[in-house]
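Step one of this worksheet: look at the structure below.
Written out as structure tokens, the structure reads:
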């Protein structure tokens with residue numbers, strides 16, 4: 004058999020790459036002669052770089068030391084540069100919420116991601132794919148853009164400090180030093196459709212996840228509103244609120260295209276080509292439920308398998324779908340499944356192989 008194994012990460016337990024390997028090891032323990040194609044998936048958030056590297060052997064992940072982390076402390080970031088000149092940047096590597104020592108919703112910045120983008124452009128990138136998942140900030144992308152030369156100035160002509168909390172005091176935007184977008188364009192990968200502003204916007208919906216209380220949400224909303232007045236663009240565009248409004252900022256300044264992340268990653272990985280010759284597709288994630296088909300990686304894999312007429316199976320930590328094979332059922336409890344997810348993924352791979360019919 005030819006089997007494509009394309010899981011997302013099992014968040015908090017195992018990466019997509021390790022999940023794919025564990026499922027493959029389990030399958031081969033039962034059916035060692037089958038041909039397995041591993042395509043660990045992502046939706047533009049955590050794991051995007053790893054997925055790209057796994058699907059393109061020889062792709063170098065370039066480490067950039069001393070980037071500005073979301074709370075101002077230095078962090079090491081990285082990006083992938085493909086042979087065709089496409090640079091893949093994952094915001095979470097330099098601006099992700101787990102990098103914060105303490106919540107700081109008003110001052111957290113995307114500057115480090117801008118520094119990664121600048122490094123990629125300096126090394127010859129002609130096209131950018133930027134994954135926007137996992138952001139710690141609600142700054143409309145102004146920190147990122149500042150690293151590329153944009154200046155947001157107060158009434159005295161002084162650049163504002165980083166963070167969405169300062170944006171309400173913005174008076175003028177200076178674009179004279181802003182780097183040009185790469186010639187091949189910029190695509191923003193996201194799995195959300197929120198606008199920039201309002202009750203469904205970046206501050207109201209995602210601010211609380213980043214530590215913002217009601218007063219801070221109001222301050223962030225006022226800042227993003229002021230930013231939209233100065234930058235123009237389309238704050239109502241679906242997805243503009245991604246990564247604390249970073250999608251809006253890049254779309255307004257660089258004409259970046261907001262793209263469903265899972266679909267873009269699947270294209271980048273050549274998933275359709277892999278599925279076309281397969282007898283079975285296996286995907287999975289930590290929790291599989293009705294939302295999994297709404298722009299997420301697993302739903303994208305299932306949709307593509309269905310369009311190709313290839314059978315598919317889902318492995319999940321937990322699931323509301325009785326057709327999914329769950330690690331919880333195999334392990335006997337959710338706690339046991341989480342404590343050694345790789346082991347139970349191998350077991351799941353073996354179970355699927357044992358039930359496979361040519």
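Residue numbers (my numbering): 4 to 361. We treat Cβ as the ideally placed atom computed from N, Cα and C, and that holds for glycine.
Which residues in the same chain have their Cβ closer than 6 Å to the Cβ of residue 330, if we skip the five residues on either side of it in sequence? Within its own chain, the residues whose Cβ lies closer than 6 Å to the Cβ of residue 330, once the five positions on either side in sequence are excluded, are 320, 340 and 347, listed in chain order.
How big is the Cα-Cα spacing for residue 292 and residue 162? Rounded to the nearest whole angstrom, the C-alpha separation of residue 292 and residue 162 is 46 Å.
Leaving aside the five residues before and after residue 260 along the sequence, list all residues of the same chain whose C-beta is less than 6 Å from its C-beta, in chain order. Here the set comprises 190.
Residue 301 and residue 3 - do their beta-carbons sit closer together than 7 Å? Residue 3 is absent from the model: the chain starts at 4 and stops at 361.
Counting contacts by CB-CB distance shorter than 7 Å, is residue 22 in contact with chain B? Absent from the structure: chain B. Only one protein chain is present.
How about the stretch 109-128 and the stretch 84-94: do they share at least three Cβ pairs that are nearer than 8 Å? Contact between the stretch 109-128 and the stretch 84-94 is present, with at least three C-beta pairs closer than 8 Å.
If we count the other Cβ atoms within 10 Å of its Cβ and call it buried at 16 or more, is residue 253 buried or exposed? Counting Cβ neighbours within 10 Å, residue 253 comes out buried, since at least 16 surround it.
Taking the alpha-carbon of residue 94 as reference, which of 342, 247, 308 and 351 has the nearest alpha-carbon? For residue 94, the closest of 342, 247, 308 and 351 by C-alpha to C-alpha distance is 247.
DSSP-derived helix/strand/coil call for residue 40: If DSSP states are grouped into helix, strand and coil, residue 40 belongs with the strands.
Taking DSSP's pairing of strands, which residues face residue 120 in a bridge? Residue 120 is not bridged to any residue.
Closest by C-alpha distance to residue 233, when choosing among 159, 217 and 256: Nearest to residue 233 by alpha-carbon distance, out of 159, 217 and 256, is 256.
Assuming the contact rule is C-beta atoms closer than 8 Å, residue 251 and residue 199 should be a hit. Round their C-beta distance to whole Å, please. Indeed they touch by this definition, with Cβ atoms about 4 Å apart.
Among 137, 85, 23 and 32, which has the Cα closest to the Cα of residue 100? For residue 100, the closest C-alpha among the options 137, 85, 23 and 32 is that of 137.
For residue 130, which residues does DSSP report across the bridge? Paired residue(s): 89.
Just checking my contact of residue 146 with residue 113 at CB under 8 Å: how many whole Å lie between their CB atoms? Rounded, the Cβ-Cβ distance is 4 Å, consistent with contact.
In this structure, how does DSSP classify residue 65 when only helix, strand and coil are distinguished? Taken through DSSP and simplified to helix, strand or coil, residue 65 comes out as strand.
Expressed to the nearest angstrom, what Euclidean distance is found between the alpha-carbon atoms of residue 306 and residue 160? Each residue's alpha carbon lies about 51 Å from the other.
Own chain partners of residue 118 with C-beta closer than 8 Å, once the 5 adjacent residues on each side are dropped: Counting only Cβ-Cβ distances below 8 Å, and skipping sequence neighbours, we find 67, 70, 71, 80, 97 and 150.
How many angstroms separate the CA atom of residue 17 from the CA atom of residue 46? Approximately 16 Å, taken between the alpha carbons.
Excluding sequence positions up to five away, which residues of its chain have a Cβ less than 8 Å from the Cβ of residue 40? Excluding residues within five positions, the ones whose Cβ falls inside 8 Å are 5, 6, 7, 8, 277 and 281.
Status (buried if at least 16 other CB within 10 Å, exposed otherwise) for residue 24: By the neighbour-count criterion, in which a residue is buried when 16 or more other Cβ atoms sit within 10 angstroms of its Cβ, residue 24 is buried.
Less than 6 Å between the CB of residue 297 and some heavy atom of the ligand COA, yes or no? This structure lacks the ligand COA; in fact it carries no ligand of any kind.
Are there 16 or more other CB atoms within 10 angstroms of the CB of residue 223, so buried, or fewer, so exposed? Looking at its Cβ environment, which holds 16 or more other Cβ atoms inside 10 Å, residue 223 is buried.
Let me make sure I understand the geometry here. Which of 318, 325 and 322 has the alpha-carbon closest to that of residue 355? Nearest of 318, 325 and 322 to residue 355, Cα basis: 318.
Classification of residue 43 by the beta-carbon crowding that lies within 10 angstroms, buried from 16 upward: Per the 10 Å Cβ criterion, buried.
Just grab the DSSP bridge partners of residue 316 for me. Per DSSP, 285.
CB-CB length for residue 287 against residue 227, believed under 8 Å: Cβ atoms of residue 287 and residue 227 stay farther apart than 8 Å, at about 36 Å.
Selected residue, minimal CA-CA separation from residue 61, among 86, 38, 73 and 48: Closest option to residue 61, Cα to Cα, is 86.
Span of the alpha helix (DSSP H), counted from its first residue to its last, around residue 23: Residue 23 -> alpha helix (DSSP H) spans 19-33.
Assigned secondary structure, residue 221 (DSSP; H/G/I helix, E/B strand, else coil): Residue state for residue 221 is assigned as helix, using DSSP reduced to three classes.
Do the CB positions of residue 10 and residue 22 come within less than 7 Å of each other? Their beta carbons are under 7 Å apart, which means residue 10 touches residue 22 by this criterion.
For residue 156 and residue 284, the rounded distance between their alpha carbons: Inter-residue distance for residue 284 and residue 156 is about 52 Å (C-alpha atoms, whole angstroms).
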